[in-house]
Every structure is written in C-alpha cells, then in structure tokens.
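There are 2 protein chains.
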Amino acid sequence: MQPVRTFSDLVSRLSSQGRRLRVAVINAADESTVTALCKAIDKGFARGILVGTQPNEALKACLSPYSEHITYLPAADEDEAARMAVELVRNEEADILMKGLLHTDNLLRAVLDKQHGLLPPGRVLSHITVAELPDFPRLLFITDVAVIPQPTDEQREWQVRYIDALCRNFGISAPRIGLVHFTEKVSPKFPLTLHYRALAEASAQGAWGATIIDGPLDVRTCLDPEALRAKGIRSPLRGYADALVFPDLESGNSFYKTITFFAHATVAGILQGTTAPVVLTSRGDDARSKFLSLATAAISLN
Amino acid sequence: MQPVRTFSDLVSRLSSQGRRLRVAVINAADESTVTALCKAIDKGFARGILVGTQPNEALKACLSPYSEHITYLPAADEDEAARMAVELVRNEEADILMKGLLHTDNLLRAVLDKQHGLLPPGRVLSHITVAELPDFPRLLFITDVAVIPQPTDEQREWQVRYIDALCRNFGISAPRIGLVHFTEKVSPKFPLTLHYRALAEASAQGAWGATIIDGPLDVRTCLDPEALRAKGIRSPLRGYADALVFPDLESGNSFYKTITFFAHATVAGILQGTTAPVVLTSRGDDARSKFLSLATAAISLN
C-alpha cells in the first residue's frame, strides 16, 4: 500500500475504505465544526452523534442532506454534554470524540477524569500536528505543539511511540523520526541530547522495527539534505524526516505558528494517549483544518 | 528619516552615507567571505583589512578591482590571526570584526578573552538575526537563535536592550518588541512570563522611551493582527511586532531554521554585547547572507 503523502491522498484513502466512523461531537453549534462534520459524512468516512447544544436553523439546513447519518442527543449543559460524549466513546458507541463550541477546559476535564475519562492510568497525554506545506513533497508529523511544556524522558518516549504509530497509520512503513535540538552535538549540558542518543542507538539496533530515529538534529538537518551536507553531518535520516519531535512546547509551538503564518501550511491535529482519538482544534482553526483533523483521527484507527 | 524596511533599503542607506567602515577579516580564504567583502567595498561602505591566511589566486583576482581599499596583514596561524584582528578593533584601527575561514571556537576565544577581548566585564554576549521574508512587509529582528541556551531575566533584559538599539539603528523610531511564549497567559508556572509582564509594564510606563514591549504573546499574536483578533487578545503591538525575543535557544533556533527552510527568508546576523560588531556567520551561509550581515554590522554603528 502506498503511503499517504498529501491531505488529498488522505481523504481519498478514507473514502475508498468505505467505513463510516461514529463521531461524537460536543456542542456542534459553530459553523466550522458543522461544516467539517458534513464534509466528512459527504466523503463517506463519518457519521455524527451531536451531543448537547443543537445547531441553529442555518446550520441545520447545512446538515439536512446528511440526516440519515446524524443522530441528536440533547444535554442540560456544557459539562453534561462533555460527560455524555465521553461516555459514548467509553461504551464503544462512538469511535472519535470531537470538540465543538465549548471551553477546552471543560472538554479536558471530562477526557481526563480518572474514573470516567479516556486516559488510561500511566498513559501520557500529548498531541500530534500533521502539516502539508507548499513546495514540500510529503506530510510532516510534529509533536508536541500543544500539551507537554517540558517533556521528561519517559514522556518523550511516549511521544516517539505515538508519532511512530500515526506515521504507520498513514501507510509509512519505515517512519523517519528526527529529534530536534539547536545543534547536532550530544552533551551532558543538555540532558535531552543523551536521551536522543539513546533513542537513536536503540533504533539503530532494531528496537523500533523498521522505524529510523535520529538526533540531536536541528530542524534543517532533519528536513534538508543540503543542510546536512553543508554541515558535514551523517544521519540515517539523510535529511528526509517524516516526523519531528520537539524538545519542548516553546520550540514546538514556535515551529507550528511559523509554518502556518509564514509558510502557508495546512494543518490537522489530534490528542494522543487517549483510548480513542480526540479532535481538539482551537478557536482560530477553520473548517478545513477541523475536517482534516477528523480525517487524521479516522485514519489513526486503521 | 524613513525606517529601513528591506535589505535593499539597507544597502542604499549605507551607500548614500558615503562612509567606509574598516572591516578586519580573519582568514579571508573562502569564496563567500571574499565575495561579501568585495560587494560591501563596491557599495561604498567598507574597506578591508585581511588578517591571516591570504586569499588564493582565484580570490585575489576577485579582489583586484578593489585593491585601493584593501590591506593585507599576514599571521603565523589561525589563533594569531584572530588575536591580531581583535587587537585592531581594540586599538580603533578597525570598526567591524568578520569571521572568514576558521573555527568559530578560535574566533570566540579571542573575542571573549578577558584581558585582550571585545566583551567588557558585566556585558552579556548574545546574537541578533535580521530576516527578510517574502510577503512580509518589513524586516524582522530576532533574538537569540545562536548564543544563550536559557536566558536569565538579566540576560533577557540585555537582549531586549540590544534589539531595541538595533531597530533604532535601522531608523525605527518606536520599535515594537514581542516577547514570545506558547500562550498569552501570565503564570508563575512559567517564571519567564512574570518577567515578560514586568518588561511590558515598564514599557507602558515609558521606561523604554517610545519603544513598545509586550508579552507573553505567541509568534502569530506578535505578527498577525488577524490571529490577535481571533484569539480576542489586546496588545499594544496590535500584531505589528518589529522584533521577537524568544524564550530560549531551542525556540529561537527552531524559528530561524523554519523561516530559512520553509519560508525562503533571507537572513543576516551579528553578535551583540561586544564593543564593536562581530560578523560571525556559519558554514552554511552564502555570500549574500555574509554581505547582509556586514551591512547590518555597518548600520549598527550609526
């Protein structure tokens, strides 16, 4: 099977699989969430369970062509809607959880609830962004631009595991994962470089299967074979990383904001670590980004 | 005086000033350094003192049209060349120090030498990058992508001072400086945000003259008025920052590598804190980047 290398590939792949996943949407009351859901239904890979606040008349008109794939479940308030949607996922009555118009804190409270939530004990919550960039020939997987401020070694190992798995869901049989730092030097002054080295060595010894992990490398030596040559550095990634693991949230977020603002990237994002994929986009995200996040959530169940 | 808003403006400004600055180049033995120097001489804002290794025949031919603006000063080795060039600057026989073909460590040893170097006691060494980006209407000033891994509050205050001064050298009479963090929330969990808030308040009270400082803001809320609106945030920068101060080297370097690789930025860079500007470009930089760094060094003496 060919790997999925563009968002257009991704949508085609999901359409051709002919499997509708059940998406529990909490408060589907904003235009971009409803538009994203309609498009996913239209492309044949989703059905919607709309929990909580009902769409207004304008949005209902937008949903009406898809009524056979939509059910409604009213709730008393935001908190109840979040709890009910999480419960649907726990009971395997929904495959994907999606945020609509509610405060992120309220959604996270329901997702992270120790008794009734979606994060198994001992699992680390993190986030992956998938980006499509003009003039760049493949999708780029990035972690973590949203959740863990300063990952411990253990948290980082989970991040690598998650991004490796998501790359494989996209059909990349030997994912190339770059561990980002501002130089290529391993030094005890920057303890994360020691962990990077350990991960790279484990991968060289086959502990990660066909996955190739290397670092420390900077953003360019991960992605740009010419930069690698100019610096005279050897790396088993050879400048063709599929995925970047950032050292901390400051650098991950700065990368994310920069590719969306200066390089016109199109992005999708999902939470990691939960028992089912959670689409948790932010206010600024448009319908396309929410749709692609839903598509990413769907393929992560492959 | 109009502010300098593009690199082309910068070169015109320097040419029109009609002042040749004396550039001490250590080991001018590589093509990009020699080309950069020739162009600066050609544009009328430099003369060269070539210390150490002499250019080979091909490079000498390239220099020959400019012989009246060039002097040669042989040295026994790299270390001696670096020491001699630094000495020229200390004796006010040169205005700018420029790295040619030698190890950065050797140059830095001479520059940072406590007795015979260029960094006064108590001064903080840092670095500023100036970037020109397609579709972005002004030059962007960035610190620090190269020197201080994790600035203390005191070091950060120096960084703000340096970047404020350089913006003014470029003719920006009220520089707008954004202090970058991954969210806009001030929180004791991230102590740098408390310092950001203190700097923003001092600037609001006029302690920084006409300079406007604000933060914490993310890369987009610094630079993109629409992102600011979408997030519902108020900022005296109003999304029009001239300068970004990054929280640490990981995020600064990731920003730098990303704009050069994905957004086709043209960049210049100089060290800060030294008694004279030091042009310290890296192996990967081309002649244009070295020339623009020299131009940035020259205008920093305005």
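Those protein sequence lines, which keep their order, are chains A and B. Just add 7 to the spot in the first sequence (first one is 1) and you have the working numbering. Just add 7 to the spot in the second sequence (first one is 1) and you have the working numbering. From the three backbone atoms N, C-alpha and C, an ideal C-beta is built for every residue, glycine too.
Between which two residues does the alpha helix (DSSP H) harbouring residue 266 of chain B extend? 256-269
Rounded to the nearest angstrom, how far is the Cβ of residue 231 of chain A from that of residue 148 of chain A, given a contact under 8 angstroms? Incorrect: roughly 17 angstroms between the Cβ atoms, too far for contact.
Am I right that residue 182 of chain B and residue 136 of chain B are in contact with their C-beta atoms under 8 angstroms? What's the rounded C-beta distance? Going by Cβ atoms, the distance from residue 182 of chain B to residue 136 of chain B rounds to 15 angstroms, so no, they are not a contact pair.
I need the boundaries of the beta strand (DSSP E) containing residue 221 of chain B, first residue and last residue. 219-224
Might you give, ordered along the chain, the residues of its own chain that have their beta carbon closer than 7 angstroms to the beta carbon of residue 309 of chain B, omitting 5 neighbours on each side? 176
Tell me the residue span of the alpha helix (DSSP H) that contains residue 133 of chain A. Note, residue 133 of chain A: premise wrong, no alpha helix (DSSP H); beta strand (DSSP E) at 133-139.
Between which residues of its own chain and residue 8 of chain A is the CB-CB distance below 7 angstroms, once the five residues before and five after are set aside? 178
State the CB to CB distance for the pair residue 187 of chain B and residue 225 of chain B, rounded to an integer number of angstroms; the pair is presumed to be in contact (CB under 8 angstroms). 7 angstroms
Take residue 150 of chain A and list the residues in its own chain whose beta-carbon comes closer than 8 angstroms to its own, dropping the five residues that flank it on each side. 133, 134, 135, 136, 166, 169, 170, 250, 251, 252, 253, 259, 279
Closest Cβ-Cβ distance between residue 234 of chain A and chain B: below 9 angstroms? yes
Inter-stretch contact at 8 angstroms, needing at least 3 Cβ pairs: the stretch 91-103 of chain B / the stretch 17-32 of chain B: yes
Cα-Cα separation, residue 146 of chain A to residue 43 of chain A: 20 angstroms
Cβ closer than 7 angstroms: which chain A residues qualify as neighbours of residue 265 of chain B? 226, 262, 265, 266
Consider the Cβ of residue 296 of chain B: report whether some Cβ of chain A lies at a distance smaller than 9 angstroms. no
Would residue 242 of chain A be called buried (16 or more neighbouring beta carbons within 10 Å of its own) or exposed? buried
Between residue 50 of chain B and residue 74 of chain B, which are expected to be in contact by the criterion C-beta below 8 angstroms, what is the C-beta distance as a whole number of angstroms? Contact flag wrong, Cβ pair sits at about 17 angstroms.
Out of B/48, B/37, B/117, which has the shortest C-alpha to C-alpha gap to residue 25 of chain B? B/48
Let me check understanding here. Comparing Cα to Cα, which of B/10, B/40, B/12 lies closest to residue 286 of chain B? B/40
Between B/106, B/86, B/152, B/153, which lies nearest to residue 120 of chain B when the distance is taken from Cα to Cα? B/86
Just to confirm my understanding: we take residue 63 of chain B, look at its own chain, exclude 5 residues before and 5 after, and list those with CB closer than 8 angstroms. What are they? 36
Need the endpoints of the beta strand (DSSP E) that residue 103 of chain A sits in, please. 103-106
Which residues in the same chain have their Cβ closer than 6 angstroms to the Cβ of residue 108 of chain B, if we skip the five residues on either side of it in sequence? 34, 36, 37
Residue 191 of chain B: buried (16+ other C-beta within 10 angstroms of its C-beta) or exposed? buried
Please name the residue, chosen from A/127, A/198, A/124, A/157, that lies closest to residue 196 of chain B on a Cα-to-Cα basis. A/157
Using the beta-carbon of each residue, which ones in chain B are nearer than 7 angstroms to residue 252 of chain A? Ordered by position in chain B, no residue passes the 7 angstroms Cβ test against residue 252 of chain A, which lies about 12 angstroms from the chain.
Residue burial classification, residue 15 of chain A (beta-carbon count within 10 angstroms, cutoff 16): exposed
Whole alpha helix (DSSP H) elements within the stretch 11-42 of chain A, 4-residue minimum: 14-24
Residue-level contact to chain A via CB, residue 269 of chain B, 9 angstroms cutoff: yes
Hey, does residue 210 of chain B have any beta-carbon neighbour from chain A nearer than 9 angstroms? no
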